[in-house]
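Protein chains in written order, with my numbering: chain A, 1298 to 1402; chain B, 3 to 271; chain C, 1410 to 1620.
Positions of the beta carbon are idealized from the N, C-alpha and C atoms, including for glycine.
All figures in this text were calculated on a predicted structure; none of them were measured in a lab.
Below: one structure, written as structure tokens.
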């Protein structure tokens, strides 16, 4: 069910500029449709790792929009370093994607 | 609105604040905010969706769209979208991107045209339609390239002039033609900025930012959708999908926007 | 946009010969004919709804392409037709209820068509907020039209002003032929009674627009 993220990690000096687009409905649990209220369904946890070391550990709520974007900068990065992103939602669904840090323009 | 917990609040808000304060200092708040929303907008998630649909063998004929000719020969995508609309000999018509997709999806894949049209525009907050994803994918293959609509065949000249005429055509109880809202600089309806389409910059914005992610709908929208929505607002009847009327207007506007650098997905409210 | 003809002849790539027919911009009459045909083929709607696509004489005149200018004669004709279109309310009272006008001024909906059906509403909004600044302090207002903040304060309440305001809203083209403003009363989007409420909203000293 969990769909692939789109991750870009480009090196700017010694910092990786990481941009992540996640595909997720992020339902607040208050939206009404013709068939009733759409149940709450949102990403609860986001973990970003740099070469296996956790650099961001986030706890989200349903206040975050559908198909959320997350941007962060990771210091001390080098070309080819691994950036791994994992999200877990309130239904227990999980998604992990990773990229290698590439050269910036 | 529930409070955000954990480290996120600090990190994300610090990031936002840093970006916001430097950006605000530079100019008009609304346009700055919109630029921030445009970069890395969720529409990009549909590019991969469109690519998968393009390559997949589908329909009664179990074929992919790899042999579709968008004007530069079968399967050639780089630089194809920036030349649309254009004349196609096989249909003897000027076609825009979406009508060309309809042609290929019916001829190569065997899909039913009426069914495709019925499904072409998706519901808000849905997965989006096949055509929306395909249109975005094909256009994204021209990202970074200049819009280059040329007039060679008589029908291309006809469509351009007809589109120009239609841009200025007033009708209905609103007495609106496109120009009533899109003919002057720095205008807005409520807080929605109006593209100044009779200027070079405005026409270029039209030509280079569609398909686009429509924030309020949470899906990618296309030019056919945009024209349908304008016509709705003008109190005119339901505009059918992929009509000469819409292709003529698109030919006119895209050509007026020549030399714009394609950059999709755009971002609209 | 000039309508000069530019002759472009296409070269046959295979043979390098000039083709007998050269592609050119169609002239004004041909363009109009082709485009009008496109209009009526672009919609599948009831006869009543299709009528909305037909242009009246004034709309035809006022659909100038590019920077084509309105001639004196054309302007005069539009004004004459506009004046002839003015209908006053049966009560004869040109100024109505400003509170109703306030509501209508901020209402941008009404009479739009989706899947063959018009919006299910009691009455059409007057659409004013879409294009005009209204009461002071309102942020969510357009600027396509001139600001109307303080309209009544500036003009007073004389019979002449009331009549002018009524006519301007009923059919703006009486005073400014081919104005971008919809001829709200004349096209039937608003009833004469609704127009009287708009007049009161603009002119009444108690109206928020004059605070």
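Three-state secondary structure assigned by DSSP to residue i
i: residue 258(B); result: helix
i: residue 1554(C); result: coil
i: residue 1494(C); result: helix
i: residue 1352(A); result: strand
i: residue 1321(A); result: coil
i: residue 204(B); result: helix
i: residue 1548(C); result: coil
i: residue 1442(C); result: helix
i: residue 1449(C); result: helix
i: residue 117(B); result: helix
i: residue 1386(A); result: strand
i: residue 165(B); result: helix
i: residue 1434(C); result: coil
i: residue 76(B); result: strand
i: residue 1307(A); result: strand
i: residue 1393(A); result: strand
i: residue 152(B); result: coil
i: residue 56(B); result: helix
Residue i versus residue j: straight-line alpha-carbon distance, rounded
i: residue 1573(C); j: residue 1556(C); result: 17 Å
i: residue 1301(A); j: residue 1382(A); result: 11 Å
i: residue 161(B); j: residue 1449(C); result: 16 Å
i: residue 1312(A); j: residue 104(B); result: 46 Å
i: residue 241(B); j: residue 1451(C); result: 6 Å
i: residue 1576(C); j: residue 1474(C); result: 28 Å
i: residue 26(B); j: residue 34(B); result: With a pLDDT of only 38 at residue 26(B), under the threshold of 50, the placement of this residue in the model should not be trusted; the figure read from the coordinates follows. When rounded, the distance between both Cα atoms is 7 Å.
i: residue 1349(A); j: residue 1379(A); result: 8 Å
i: residue 1377(A); j: residue 1431(C); result: 58 Å
i: residue 1580(C); j: residue 37(B); result: 40 Å
i: residue 1478(C); j: residue 228(B); result: 30 Å
i: residue 273(B); j: residue 89(B); result: For chain B, the structure presents residues 3 to 271; residue 273(B) sits outside this window and is missing.
i: residue 1487(C); j: residue 49(B); result: 50 Å
i: residue 130(B); j: residue 143(B); result: 19 Å
i: residue 1612(C); j: residue 1564(C); result: 8 Å
i: residue 56(B); j: residue 79(B); result: 11 Å
i: residue 1498(C); j: residue 1561(C); result: 21 Å
i: residue 1535(C); j: residue 1529(C); result: 16 Å
i: residue 184(B); j: residue 1608(C); result: 28 Å
i: residue 51(B); j: residue 96(B); result: 27 Å
i: residue 1538(C); j: residue 141(B); result: 36 Å
i: residue 1501(C); j: residue 1583(C); result: 20 Å
i: residue 163(B); j: residue 254(B); result: 7 Å
i: residue 1568(C); j: residue 1504(C); result: 10 Å
i: residue 239(B); j: residue 32(B); result: 32 Å
i: residue 1441(C); j: residue 1447(C); result: 10 Å
i: residue 165(B); j: residue 158(B); result: 10 Å
Contacts that residue i makes with chain A (C-beta to C-beta distance below 8 Å)
i: residue 1(B); result: Because chain B here runs from 3 to 271, residue 1(B) falls outside it and cannot be looked at.
i: residue 220(B); result: 1363, 1364
Beta-carbon neighbours of residue i, restricted to chain A and to distances below 9 Å
i: residue 47(B); result: 1300, 1301, 1302, 1303, 1318, 1319, 1320, 1364
i: residue 42(B); result: 1303, 1305, 1316, 1317, 1318, 1366, 1368
Chain-ordered neighbours of residue i on chain C, where CB pairs are closer than 7 Å
i: residue 192(B); result: 1538, 1539, 1549, 1550, 1551
i: residue 183(B); result: 1553
i: residue 159(B); result: 1432, 1433, 1434, 1435
i: residue 35(B); result: Ordered by position in chain C, no residue passes the 7 Å Cβ test against residue 35(B), which lies about 15 Å from the chain.
Neighbouring residues, chain B, relative to residue i (Cβ below 7 Å)
i: residue 1452(C); result: 239, 240, 241, 242
i: residue 1458(C); result: 239
Closer than 8 Å at the beta carbon, the chain B residues around residue i
i: residue 1522(C); result: 234, 237, 238, 239, 240
i: residue 1559(C); result: By Cβ distance, chain B contributes nothing, its closest Cβ being about 20 Å from residue 1559(C), past 8 Å.
i: residue 1464(C); result: 171, 172, 173
Proximal chain E residues relative to residue i, where beta-carbon distance stays under 7 Å
i: residue 164(B); result: Looking for chain E here will not work: the only protein chains present are A, B and C.
Interface residues of chain C facing residue i [CB-CB closer than 8 Å]
i: residue 206(B); result: Correct list: empty, because the minimum Cβ distance to chain C is about 17 Å.
i: residue 189(B); result: 1551, 1552, 1553
Neighbour list for residue i in chain B, Cβ cutoff strictly below 9 Å
i: residue 1525(C); result: 239, 240
Count the CB pairs spanning the region 53-68 of chain B and the region 104-113 of chain B that are closer than 8 Å, and state whether there are at least three. yes
Would you list, in chain order, the members of the region 234-262 of chain B that have their beta-carbon closer than 8 Å to a beta-carbon of chain C? 234, 235, 237, 238, 239, 240, 241, 242, 245, 246, 247, 248, 250
Does the region 69-86 of chain B come into contact with the region 144-162 of chain B, if we say contact requires no fewer than three beta-carbon pairs (one atom in each stretch) closer than 8 Å? yes
Are at least three pairs of beta-carbons, each pair with one atom in the region 1537-1544 of chain C and one in the region 1511-1521 of chain C, less than 8 Å apart? yes
Across the region 1551-1570 of chain C and the region 188-205 of chain B, are there enough close Cβ pairs to call them in contact, namely three or more that are closer than 8 Å? yes
Of the residues that make up the region 95-111 of chain B, which ones have a beta carbon closer than 8 Å to any beta carbon in chain C? none
Examine the Cβ distances between the region 1436-1446 of chain C and the region 229-236 of chain B and report whether three or more of them are shorter than 8 Å. no
Taking only beta carbons into account, state which residues of the region 1466-1499 of chain C come closer than 7 Å to chain B, listed in chain order. 1468, 1471, 1472, 1473, 1474
Contacting positions in the region 1575-1602 of chain C - beta carbon closer than 7 Å to chain B: 1589, 1591, 1592, 1596, 1597, 1598
So, do the region 117-129 of chain B and the region 208-228 of chain B have three or more beta carbon pairs nearer to each other than 8 Å? yes
On the three-pair Cβ rule with 8 Å, is the region 1326-1335 of chain A touching the region 1382-1399 of chain A? no
Mind checking the region 145-157 of chain B against chain C and listing, in chain order, the residues whose C-beta falls within less than 9 Å of any C-beta there? 153, 154, 155, 156, 157
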